[in-house]
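Chain order of the listed sequences is A, B, C and D. Every position in the first sequence, counted from 1, becomes a number in our numbering once 1 is added. Every position in the second sequence, counted from 1, becomes a number in our numbering once 1 is added. Every position in the third sequence, counted from 1, becomes a number in our numbering once 1 is added. Every position in the fourth sequence, counted from 1, becomes a number in our numbering once 1 is added. Before any comments, here is the structure.
4 protein chains.
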Amino acid sequence: MIYFTSDYCEGCHEAILRQLIATNMEQTSGYGTDSHCANAARLIRQACCAPDADVHFLVGGTQTNLTVIDAALRPHQAAVCANTGHIHVHETGAVEATGHKILALPSEDGKITAAQVRALVKAHREDEAMEHTAQPKLVYISNPTELGTIYSKQELTALSNACRELGLFLFLDGARLGYGLMCRENDLTMADLAALCDAFYIGGTKVGALFGEALVISNPLLKEDFRYLIKQHGGMLAKGRLLGIQFETLFDNNLYFQISKHALAMADRLREAIAQAGFSFYAESPTNQLFPILPDSLLAELSKTYAYTYQCRVDEHSSAIRLCTSWATREEHIDAFCADLLRLSSR
Amino acid sequence: MIYFTSDYCEGCHEAILRQLIATNMEQTSGYGTDSHCANAARLIRQACCAPDADVHFLVGGTQTNLTVIDAALRPHQAAVCANTGHIHVHETGAVEATGHKILALPSEDGKITAAQVRALVKAHREDEAMEHTAQPKLVYISNPTELGTIYSKQELTALSNACRELGLFLFLDGARLGYGLMCRENDLTMADLAALCDAFYIGGTKVGALFGEALVISNPLLKEDFRYLIKQHGGMLAKGRLLGIQFETLFDNNLYFQISKHALAMADRLREAIAQAGFSFYAESPTNQLFPILPDSLLAELSKTYAYTYQCRVDEHSSAIRLCTSWATREEHIDAFCADLLRLSSR
Amino acid sequence: MIYFTSDYCEGCHEAILRQLIATNMEQTSGYGTDSHCANAARLIRQACCAPDADVHFLVGGTQTNLTVIDAALRPHQAAVCANTGHIHVHETGAVEATGHKILALPSEDGKITAAQVRALVKAHREDEAMEHTAQPKLVYISNPTELGTIYSKQELTALSNACRELGLFLFLDGARLGYGLMCRENDLTMADLAALCDAFYIGGTKVGALFGEALVISNPLLKEDFRYLIKQHGGMLAKGRLLGIQFETLFDNNLYFQISKHALAMADRLREAIAQAGFSFYAESPTNQLFPILPDSLLAELSKTYAYTYQCRVDEHSSAIRLCTSWATREEHIDAFCADLLRLSSR
Amino acid sequence: MIYFTSDYCEGCHEAILRQLIATNMEQTSGYGTDSHCANAARLIRQACCAPDADVHFLVGGTQTNLTVIDAALRPHQAAVCANTGHIHVHETGAVEATGHKILALPSEDGKITAAQVRALVKAHREDEAMEHTAQPKLVYISNPTELGTIYSKQELTALSNACRELGLFLFLDGARLGYGLMCRENDLTMADLAALCDAFYIGGTKVGALFGEALVISNPLLKEDFRYLIKQHGGMLAKGRLLGIQFETLFDNNLYFQISKHALAMADRLREAIAQAGFSFYAESPTNQLFPILPDSLLAELSKTYAYTYQCRVDEHSSAIRLCTSWATREEHIDAFCADLLRLSSR
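Okay, structure coming up:
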C-alpha cells in the first residue's frame, strides 16, 4: 500500500535523525530550558525578523491550538474561525473543553475575510443584549487552510488590520506552514506572519520532524505566564530538548523550506495528472493537499494500491478525496499513481 | 411606555404573592428540602402522570440548561440543537463553559427533526476518525421554540424514538411551556413530555412566578447525584421553599394552565390586528411570541409608546420585531396597540 | 420545632415584602437594567463611599463566589483561602469546576493572615519550577468567617497591603456581612471594605432578603465585561428588579444594619446563657453564629425541641454544634432555649 | 556539569534509537492505529497477564493524569491523593483545569492508606449536606511515590479492596514504575497492578524512552470512548507509531526491567556513600530517587560539579536535596560523586 493519506506517514527527515543520534547521550535540563531550545528559538526569531518574539515548542497542533486560545481568552470570550476550521470540526471539542465557544463563519474555500470578522463584531457590539452572547475576541485561521488554500499578503493584512482595530487577537495555525510559504502563489514571508499575527506556529509534525510545533508569540499580552499554560494543559515535554534539536535542524540552512518544496513539486505532478485525466477539484489548492473529485468506480480500483482520505460525496457517482504529499513523498510513488490514474480513467 | 418586550416584565401572579405573604415567617429547612418543595414536586409528578420522576427546582433557565447538560454528558460529548437554540445563541457560551461543544443543526422555524438527528449521528459513527470530532449525545429542543413554534406529538415522538434508538438523551427546555401546551394547535400533554423526554422543565419565570423552573427528570441515568450538580453550578437556592411555594400555587387547581390561556388570547388579538393591517410574520407562531414584519417608519411611531424586541432586518424598509404577551398582559394595552397599529398603518 | 440551624429559615423582612407587593405589577426591563437596581446600586455606592464602584446583584453566595473568581483569574491562577473557607469545603468544588485550583492555608479561627499570604507567594515565586505549580492570584476571605470570627481593620489592612504589593486580588465574601459590621468587636466600615478589597459582597439572603447578594467591585480590572460572566454562569436573574427592590429597601434608612443588630442581641443572650451554664465554645465568635461544645446527652434532650447544625465531635462525650440567630429570631424562642439549657444542664 | 537532577536528562536507550532509525521511512497510519502500537499493546497485555486490558500510549505524565481523571469523573466528583501527590503539587492545577477538585490526604512518606480513604468516604457519606461537598470518586497514587517510596502488595491490595467496596476508581501513576518494580523491597508485579488498579501507567519518559507513557485500563467502565478523551486533551500523537516503536522495544526481552535495574544499582551506591559519609535521608527511598540531608556548605561545594534538585530546608544549616539516577547514569559519574562527597564531608 502506498500512502497519500497524510503528511505524517513517515518518521523524520534524515538530518533530524542524525542530530537526534548525535545528541542522544547529552545531559540537559528539562522542559525546554536547554540550549538546543534556546538556539532553535534564536534561529526562528531570526527567520521571522522578530527579535522580541517569544518562541515555545509544543508537541502537536491540537495541544497548541487549545493552549493558545485558552491563554488568550477570558471565560466569556469566543474564538472565531471558518466553519471548516480544524478547531471547529476536527479536535473533539478541545477548545470548548477549555470553556470557550467557537463562532464559525461560513466559508467555501477554508478562508475567512476581514469583512466577515468586522460584520460579526459589529453585530455583537450593536446588540443591546450583547452580554447574552459570547464575545468574539480571537480570530483563528489556518494557512494553508484545511482545504489547502492560502492567504495572500493582502488578505492577511486586511484581517490583521480588522483585528487590531477591533481589539481581537489574530492567531494562525501553521501546521502545514512550509507547504504554504513555498508554493508559487504565496507572497507571504515568516516576517509578515510575525508582524501581522499576534501568534502563529510553524508546523514540524507535517514538515520533516517526528513531532513538534514552534509557536511564535509577537503580542506581549499573550506572552505572560505562557509556560504555566503549556504545563497545565499537559503540553510541556519533559525532554524538551527533542523539540529544540528538531527545530534547530529545520531552521539551519533553510532545511524547512527546502523540504517543503519537494512536497509541492510532487503535488504539482499529481495535480497535472488529475487535470490531464479530465477530473476537477473540490477545492483549488496550490499546496500539498489535493482534493480531486473522482468516480467511485475509479476510486474502488485505486484504493487497492493507494491509501487516501475520503472527503465527501459530491454526487451519486463520484466523491471528493484528499491526497497529501510531503517532504517524504517518493517520486516513484507519484509516477505509479499518475500512470495508474491515466490508465484507469481512460478505460 | 407599554412593554411587549418579554413575558417577564412584571412580578408574579397574585395567588403566588398571597402564598409568599402567608408563609413568610414559617421556619423551614433550606436548599429545597422543605415540605413546600416536596408538595410541589408531588403535584408536578401527578400532572405529568410520572410517579417515578425526580423533580428539582432551579432559579432560571440558563442555570437549568447548563446544569442538565453538564450532568448528562461526558467531556467529549456534545449537545445537538437548532441553530436558533437558546443555548447556542443566547446564553453567553454557558454550555461551552462547562466544557461541551454544541452541534447546531440548520432550522428555519426553530425546530429540528428526527431525520436531522439521525443523519448527524450516522455521519459521526461512520467517520473513521470519529474520535477527532465531538460525539453527539444529547438533543436539546425548546417548546415553544425561540420562534414561538411548537412540536406536534408526532414530531416529538419521532425525535424521542430517534434518540432512544441511537442512545442520545432528549432534553426539552420549557421556559414558556404553558404557552405551548395551551395553544390551539398543541396536541401534547405534560404526560407526553415526561414519557418522551429524558428530562424537561416547566418554566415559571415567564408564566406567573417571580422566578423558577421545575425540572422533571424521567431517565434514571440523569437522576443520580443531581443535587450535587445544582449546588456546584450555583443553582441551589438557600431559601428553596420560595420555589416550592410558587410551584405549589401554580399547580394547584391548574393555575399554570389558566394563566397561560390568557396570554394566548391576548396574542390572538394581536395576531389578528397585524394580519388585518396587512402585515406578515417572520415566523408562524401560534403561541405568545409574535414576529411581525413591519415598516421601519411605522416602528418609529410605535416605539414612542410601545416597547418591543428588535429581531432582525428583513429588507431595506422593514424589520421583524418580537411582541410578547404573558399571564400579566392587560387587555387595555392590547386594545391600544391594535388601534394604534391600524390607525398608523392606514395612513 | 424551633430552628437555630441557619439564618435563612424564614422568608424576608416585612419591609421588603411590602415593597415586593407594592411594585408587583410594575413593568420593567429585565436582567438588572431597571431603575430599582440602579437605585439600589446608588444607595450601596453611597454607603460604601465608593462613587466609582460597580455594583451587581446576584441570587446566591456560591454563584457570586464562582463568578467573581472565574472573572478574576487566568486559567493557571489559583485562589488562596483558609482551609475552612466556604469555597474550599462547602461549595461542591464550584471554583474547581470553573478550572481553578484552591490553595488552602491552615487556620484555627477561620481567618488567614498577611504573613501567610506573603510566605505562600514568596515560596511560589522563588520556586525555579514555578510554572509547574498553580499561581496564587486571588485571596478569598469571608467576614464574618465560617466560624463566626471577624477581621479587625488592622488585619484587613495588612492583608490588603500584602495583596497589593504582590499583585493579588483581595475578595471578601460577606454573606453575613451585617452580622459582622454591627457586632461590638468590629472596627470596619463598608467604606473600609470598598477601599481595602478589590471586590466584596453584601449578603442579603441571610440578612433579611428572600435572596440576593450585592457585589461591590472597586478594582477596575475586575469590572470589565462582568455582566457576561454573570450570564454565562447562570446568575443573571430575568426579573432582576426583585434584587433591586430588596436592596433598595435594605439600604433605605439603614434597615440592613438595624436588623443585623437584632440578630446580634439575640446571639448575645444565647452566648451568655451557654457560658452561664458552664459550657465553652469551639470558636470564639462575636457574631450571630455560636459554636458551643455540649454534652451529647444534653444535645439529645435539646434536639427534641430545637434544630441546630452539627459541627464536629470534640471528645467522647461532647460535640460542637452551631446555633444561628438572624434578623428574624424571636425573643420567645431565645427565652425558651436559654431556660431549657439552664434547666437541663443543672440536672 | 554532571546531572543528577532527574531521570530525563538524556535521550533514549540505544535499542530504541536503533528501532527509530530502522523504521524511520516506513509508512504507517496515524494516531496510534498502526501495527507497532498494536504490537506494543500486545506485549504489555502479556506482561500484565491482562488479555482484556485496553492499552493507550500518551506522550507524558501530566497529560495522562489529567486525561484519565477527566475520563473517570462526573463534574461533581473529586480525585483523592496524598498531599505530596504529583497532580496536587506539581501539575499547575491540571486536574482542576478539567473541573475537578483534588482532596489531599496528609502523608509523611508519599503514600496513603486504605484506612484514610475509608475514613474520608465515610465522612462524606454521613454528611447530611453531602451535596455541598465534592464527592470522592477516584484514588490517585504514584508508585514509586514522589518521595521514592513504594507500596507493598499488602498495602495496594488493601487500597484496592477499599476502593472496590466503596465504588471508587484506583488509578496508579507509574511514571517511574520500572524503578519501583525492580527494587529489592518490591513484591508487586505488573499483573498485580493490572488486577488491583482500575488503570495504571508504565512510564517510558523516565525509563529509557524519548517520551511516552503506556496506560493500561482494566476496568471496562474506564475504557469507553477513551480515544476521544486523548484527542480532546491534545494527547493524541499524530505519528503515534513513535510510541508503539518505543514500547515495543522496551517490552521486547524485558529491556524495560533490565535498564531499571541499572538505575537502582547506581542509586544503591549513592545511598551507601551518603550513609557512609554520615548523612541521613529526608525520605527512606529504596528506588532511584534519593533525598539526602546535607550541610549547606557541602552543597555549595558539590554544586560546582553536580546538578541536583533542591527539595527543602531542614534546619538552619542543612537542606534536603534530590538525586536521581536512571537507565543512563554512568558509573564514572557515580564514582566521582561518591569520592567527592566522602572527601568534602571528611574535611
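By construction, the Cβ of each residue, glycine as well, lies at the ideal position given by its N, Cα and C atoms. Computed from a prediction, not measured in an experiment: that's the story for all the values here.
Any C-beta of chain B under 7 angstroms from that of residue i
i, result
"Arg228 of chain D", "yes"
"Lys102 of chain A", "yes"
"His91 of chain A", "yes"
Residue i, buried or exposed, once every other Cβ within 10 Å from all chains shown has been counted against 16
i, result
"His234 of chain D", "buried"
"Met2 of chain D", "exposed"
"Gln47 of chain B", "exposed"
"Gln247 of chain C", "buried"
"Cys313 of chain D", "exposed"
"Glu109 of chain B", "exposed"
"Gly279 of chain B", "exposed"
"Ala83 of chain A", "buried"
"Lys102 of chain A", "buried"
"Pro137 of chain B", "buried"
"Thr306 of chain C", "exposed"
is_contact[residue i, chain D] using C-beta, thresh 7 angstroms
i, result
"Thr85 of chain C", "no"
"Tyr4 of chain A", "yes"
"Gly94 of chain C", "yes"
"Pro76 of chain B", "yes"
"Thr206 of chain A", "yes"
"Ala98 of chain C", "yes"
"Ala135 of chain C", "yes"
"Glu132 of chain B", "yes"
Residue i to residue j span [Cα, whole Å]
i, j, result
"Tyr141 of chain C", "Gln20 of chain D", "54 angstroms"
"Asp71 of chain B", "Ala329 of chain A", "44 angstroms"
"Leu169 of chain C", "Leu197 of chain C", "12 angstroms"
"Leu104 of chain C", "Ala23 of chain C", "46 angstroms"
"Leu291 of chain D", "Ala163 of chain D", "31 angstroms"
"Gly100 of chain D", "Ala340 of chain D", "50 angstroms"
"Val69 of chain B", "Gly31 of chain C", "24 angstroms"
"Gly94 of chain A", "Cys325 of chain C", "47 angstroms"
"Glu92 of chain A", "Thr63 of chain A", "6 angstroms"
"Leu171 of chain D", "Gly213 of chain B", "40 angstroms"
"Glu166 of chain B", "Ala176 of chain B", "27 angstroms"
"Tyr309 of chain B", "Cys10 of chain B", "11 angstroms"
"Lys232 of chain D", "Thr6 of chain C", "48 angstroms"
Within-7 angstroms CB hit, residue i to chain C
i, result
"Lys232 of chain A", "yes"
"Lys112 of chain D", "no"
"Met26 of chain B", "yes"
"Thr288 of chain D", "no"
"His125 of chain D", "no"
Rounded distance between the beta-carbons of residue j and residue i, thought under 8 angstroms
i, j, result
"Ser153 of chain C", "Asp188 of chain C", "6 angstroms"
"Lys240 of chain C", "Leu211 of chain B", "6 angstroms"
"Val217 of chain D", "Ala54 of chain D", "5 angstroms"
"His77 of chain A", "Ala135 of chain A", "6 angstroms"
Interface flag, residue i vs chain A, CB-CB below 7 angstroms
i, result
"Asp71 of chain C", "yes"
Task: Given 8 angstroms, three or more beta-carbon pairs between the segment 9–23 of chain B and the segment 295–303 of chain C - done: no
TODO: State whether the segment 255–271 of chain D contacts the segment 161–181 of chain D, with contact taken as three or more CB pairs (one from each stretch) at a distance under 8 angstroms.
DONE: yes
TODO: Taking 8 angstroms as the threshold, find out whether the segment 193–207 of chain C comes into contact with the segment 215–232 of chain C through three or more Cβ pairs.
DONE: yes
TODO: Flag this pair as touching only if the segment 335–347 of chain A and the segment 269–277 of chain A have three or more C-beta atom pairs under 8 angstroms; answer yes or no.
DONE: yes
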